[in-house]
Amino acid sequence: MRLREYEIVIEPSIITFEHFEPSKTFTKTLNIKNVGGKSRRMELFRPNNKVTFKEYNNFQSFTLPVPPGMEIAAIIEFNTSQAQDYRDKIVISIDNQEIDVPIEAFPAKPILEVLNQVDFGLLSDNNKTVSKFLKIRNKGARDGHFSINYRGDLPITFVPSKNTVPAHTDFSVRVDFFTNKPVKLSEKIEIFFEGKDQLSEFEIIGDIMKRELILLDSNTFQPINKLDFGSCYYGCNLLNVAILFNSSPEKVDYVILLEEKGLGVEIGAELSKSTKALKSKPNDYKEDDFSPVNKLVSAFPNNGSLEPFEKRPIFYRFSPQYQNPRSGFLTTLQPPPRRDYAVFLFFELLGNNKRTEIAITGTALPILLRIEPEEMDFGSCVIGQKKEIPAVICNDSELKDIRFRFKKVANYTVSPACGRIPPMSSRNVLVTFLPHQMGTFNYKLNCQVIDKVADSNNPLHEYDKGIRDFPISLLGQSLAITAELNPKFSTEFKTGISPILTNEVGLNVSTTVQSLKSFSPKLTVQNAAKDSLHKISNSEKIGSGKESQYKIAFPNDRSKSIGPFNRYEKYKTLYTGADRYNYVDPDYAYNEEELNRIEKHKTIYKQYIDDLRFFREEKRRNKEFTVFKNSVDNNLIPGSGLKPLQLSIKELEKEVTKPKNKFNVNPEWQLVSSGELANREKQIKNAQNSENSQVLNKRDKDKVSVQLTPAQIYKIIVNPPVIDFGEVSVKSVSIKNLEFFNTLDQPIHIELETDCNELGNTNPCGQVIAPNSKGVFPIIFESNSVQTFQRSISYRINFYYRHHVIILAEVKLPSLKLNNNNLVLTQLSGVQPDLCYRSNITIINPYNTTTEFTWIPIYGEQGTAFSIRPATGIIEPFKDLECEVVWHGSFLAPLKGTFSLQVRGGEATTLNCEAK
1 MRLREYEIVI EPSIITFEHF EPSKTFTKTL NIKNVGGKSR RMELFRPNNK
51 VTFKEYNNFQ SFTLPVPPGM EIAAIIEFNT SQAQDYRDKI VISIDNQEID
101 VPIEAFPAKP ILEVLNQVDF GLLSDNNKTV SKFLKIRNKG ARDGHFSINY
151 RGDLPITFVP SKNTVPAHTD FSVRVDFFTN KPVKLSEKIE IFFEGKDQLS
201 EFEIIGDIMK RELILLDSNT FQPINKLDFG SCYYGCNLLN VAILFNSSPE
251 KVDYVILLEE KGLGVEIGAE LSKSTKALKS KPNDYKEDDF SPVNKLVSAF
301 PNNGSLEPFE KRPIFYRFSP QYQNPRSGFL TTLQPPPRRD YAVFLFFELL
351 GNNKRTEIAI TGTALPILLR IEPEEMDFGS CVIGQKKEIP AVICNDSELK
401 DIRFRFKKVA NYTVSPACGR IPPMSSRNVL VTFLPHQMGT FNYKLNCQVI
451 DKVADSNNPL HEYDKGIRDF PISLLGQSLA ITAELNPKFS TEFKTGISPI
501 LTNEVGLNVS TTVQSLKSFS PKLTVQNAAK DSLHKISNSE KIGSGKESQY
551 KIAFPNDRSK SIGPFNRYEK YKTLYTGADR YNYVDPDYAY NEEELNRIEK
601 HKTIYKQYID DLRFFREEKR RNKEFTVFKN SVDNNLIPGS GLKPLQLSIK
651 ELEKEVTKPK NKFNVNPEWQ LVSSGELANR EKQIKNAQNS ENSQVLNKRD
701 KDKVSVQLTP AQIYKIIVNP PVIDFGEVSV KSVSIKNLEF FNTLDQPIHI
751 ELETDCNELG NTNPCGQVIA PNSKGVFPII FESNSVQTFQ RSISYRINFY
801 YRHHVIILAE VKLPSLKLNN NNLVLTQLSG VQPDLCYRSN ITIINPYNTT
851 TEFTWIPIYG EQGTAFSIRP ATGIIEPFKD LECEVVWHGS FLAPLKGTFS
901 LQVRGGEATT LNCEAK
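Under the UniProt record's numbering, think of the first position of the sequence shown as 1, with each following residue one higher.
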């Protein structure tokens, strides 16, 4: 320190002897410097005999003149035989002005402190053990002991809870918290440090939130627990949407589970009627004719993953279906009944048994449409005229309107062709017969009921589709004869060259010899082939057998035949055999070169398509050859003792009567059914050789490296999800099996991971579990200390999905229990008088380890008159042993006695005996 008024600098300002040890000498140097312009006279005074001064720089006395700029140094020695704190001072006199320099001395001791608080942050109650580390630092020169004693209600454990921290080092304590319920952590933990009289404290903070999914309304974003679809007709769909919200701070995987059986589930009951009415009315319908429950309600996406606090829309579809049963010719089909449904969907969180429930309600209604009349006879009608018959369409439903439309039928029209009919109402339509051709028209006019149907591939899209047809029989006849455009050869045909207006021009430009009717001058045309008078040289007449190759060129048609025809058709006159003039317009028609180029262009594309078809077929043929017609020798000789299985009559009937899947649903929408999953698990458990697992090898690694969806992971059943060893003894070995049921149609790989000493003997190697089989992992637990064990063991599925199983155990010291701690001995008949008082006491071993015991009598003032046999022994786990207690009677024998049941390494139990 610098003293400006004296112009003196003293270093250090406080002399401290830290971590001293008794009977040892420790030294410090005190420096005094004169920084003024004149000399100062200084004098040092000793505090007591524990501090001494030694000479330095030839100064023999403690009264020293210090010139300007000079510095003196005094060596201070400290020596004591007691390990306690000392506080004193050295007095320095400067020109008769006293200055105090404090002296402190602290013995060597541990100085322990907590460096940090334990902050678990934001977690969710997923029944998992979360670990953080608490750092304890020892600043002292000696090893120090600490002890943490937590007596709260929260599942917090410290590993280790007490230990010794070496000098000048840091020590880490693992703090484990079992997240089994939501809680706001703010715990003050007391910790004892050696060398401190009072307990120190550190704080554990954190926020454990509830791990759950909340279903929100899509409009108000308020929590809901019910979705009401209302009513719809059989064969149509109703869509609804809700928002799925992950309220936890961690990523979750979910799957939607359909509960088929349970409290409150109603399937097919008509809730609008009383119970008495439902029981009195017979049910003539089969459940197989209605859509099953797992295809009645579907959702998309029905499984997936949600990030922390993420919201996702879930689309629900209610699709009741009904299929008419097989019927004969005389069977009258009745509409299906009204059916009310109330089912429950559960949003299962993978990894624990927490679920969010939502009720789904809906009503399936029959289509009660009635058309009067159902048959219409229009009689005969002339072409160009019409006949009309009115009809009435009635909607007999009391709850829902009907939309209809009529399909188009030739020669018939309906007005209006579509519309909507309110409940319990009717609509007039007019059916019109308007023939366009001659004949009898017996048709079915279908009145189609339309409604909204969801797209099986797009959950956001709905479209109108006909769900049922109601036919109307129509009968009408048209007898009119229409005029036919034929050449008027029968009456007005004139051979030879006729005036231009004699016959109608332009009607016979495509006439061949074969197309001439009986009333046409067919003989004239045929005789023209025999005539040679008018034949032009180098011309070919229409001979016999060539009637279909040439068309006839009549003279009356030549004036109107300059229009372009097909240039490749041949026209010839009757008598001369001259080729008819075929006009080709050069401004609009293709020439020969252009036609050839077009044909060549088409040929290139045709050849390209043919080549693609050839290569595709060649690839398919090669693939079939590789699979089915290869030359791989599997060392099997045909007919060498291989016999096919013989099917029994029951199996044949079961195969024949197996119901077919009549109601198809998109697999991505179909929900996981609780009943189906339970049946698969039951089948695996009942199978004789259901346990089928093996160690992973290179060949199976590719098969089990497939990433599974949450819906597939949910079908892998872990039993049990909580392994509770109960009360176990210290240093004892307990084994329980962890089973994995693979209900998938593909193999999976399971690998266990342990991170604690108590489960260190568990074999963590992986297993490949075959389809529809189970794998068993023995869980070995052994603890060397008394504790309440709550921890989780992790497992991985296909090297990707990781979760855990809860392990619980209450570890206690070995002890034995007595069936009675107060035993009364009574007299037995037929026994010697001195041994007639005897009875039995039962020792029970409730733990899982072999326990050694010894009976030690507790002697009173008069000694003891009781004896127990056997006096020492061993009891197997969960067994009991009977010991005989005998009172040896005498004049001075005491009537009461006490024994102590000593357990090796455990707690003792007292037995009180009394003879009466």
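Cβ coordinates follow ideal geometry from the N, Cα and C atoms, glycine included. Quick caveat, the model's predicted, so the values are computed rather than measured.
Same chain only: Cβ atoms within 6 Å of ILE214, ignoring 5 sequence neighbours per side: PRO223, PHE245, SER247
Unbroken beta strand (DSSP E) run spanning ASP464, endpoints: 462–478
So which of TYR341, GLU190, CYS836 has the shortest CA-CA distance to GLU260? TYR341
Give me the DSSP bridge partner(s) of ARG370. CYS394
With H, G and I counted as helix, E and B as strand and the rest as coil, what does DSSP make of GLN60? Legend: pLDDT at GLN60 = 38, less than 50; position of this residue unreliable, value from coordinates given subsequently. Note: GLN60 maps to coil in three-state DSSP.
Pull up the CB-CB distance for PRO721 and ASN353, whole angstroms please, since I reckon it's below 8 Å. 7 Å
Out of LYS128, ILE8, ASP207, which one is the CA nearest neighbour of GLU71? ILE8
Using the C-alpha atoms, what's the distance from GLU624 back to GLN323? 40 Å
Below 8 Å on the Cβ atoms is my guess for GLY476 versus PHE433; work out the distance and round it to an integer in Å. 4 Å
If you draw a straight line from the C-alpha of SER792 to the C-alpha of VAL114, how long is it? 28 Å
Per-residue burial, PRO814 [other beta carbons within 10 Å of its own, 16 or more giving buried]: buried
Secondary structure at HIS888, three-state DSSP: helix, strand or coil? coil
By how many angstroms is the C-alpha of LYS812 removed from the C-alpha of ILE205? 30 Å
Just reading off the beta strand (DSSP E) that LEU825 is part of, what are its end residues? 822–825
Cα separation between SER900 and ASN822? 12 Å
So the candidates are GLY121, PHE221, LYS226; which of them puts its Cα closest to the Cα of PRO182? GLY121
Suppose you measure from the CA of TYR714 to the CA of LEU134; what does that come to, to the nearest Å? 37 Å
Just reading off the beta strand (DSSP E) that ARG869 is part of, what are its end residues? 866–869
Using DSSP with H/G/I as helix, E/B as strand and the rest coil, what is ALA678? helix
THR603 - containing alpha helix (DSSP H), residue span: 592–628
Whose C-alpha, out of ASN96, LYS33, TYR608, THR80, is nearest the C-alpha of PHE45? ASN96
DSSP three-state assignment for ILE713, whether helix, strand or coil: helix
What's the C-alpha gap between LEU818 and ILE843? 5 Å
Who does ASN174 pair with in a DSSP beta bridge? In the sequence as displayed, the identity of residue 174 is Arg instead of Asn. The partner list for ARG174 (beta bridge, DSSP) reads PHE133, VAL159.
Below 6 Å CB to CB, which residues in the same chain sit around ASP469 once its five sequence neighbours on both sides are set aside? ASN446, GLN448
Between which residues of its own chain and SER705 is the CB-CB distance below 7 Å, once the five residues before and five after are set aside? ASN798, PHE799
Helix, strand or coil at LYS731 according to DSSP, with G and I counted as helix: coil
Among residues of its own chain, excluding the 5 on either side of GLN712, which ones have a beta-carbon nearer than 7 Å to its beta-carbon? LEU744
May I ask which residues mark the beginning and end of the alpha helix (DSSP H) holding ASN294? 293–296
Span separating the alpha-carbon of GLU751 from that of PRO771: 17 Å
Where does ILE10 sit, in a helix, a strand or coil, going by DSSP? strand
Throw me the rounded Cβ distance for the PHE777 and ALA809 pair, which I believe falls under 8 Å. That belief does not hold up - the Cβ atoms of PHE777 and ALA809 are roughly 17 Å apart, past 8 Å.
Quick one: give me the first and last residue of the beta strand (DSSP E) that residue 920 is part of. Coverage of the chain is limited to positions 1 through 916, which leaves residue 920 absent and any answer about it impossible.
Could you check the C-alpha separation between ILE75 and PRO102 for me, to the nearest Å? 15 Å
Please indicate yes or no: does the CB of GLU751 lie closer than 6 Å to some heavy atom of the ligand NAD? Summarising the ligand content, the structure contains no ligands, and the ligand NAD is consequently not present.
Give the straight-line distance between the Cα atoms of ALA678 and LYS128, rounded to the nearest whole angstrom. 27 Å
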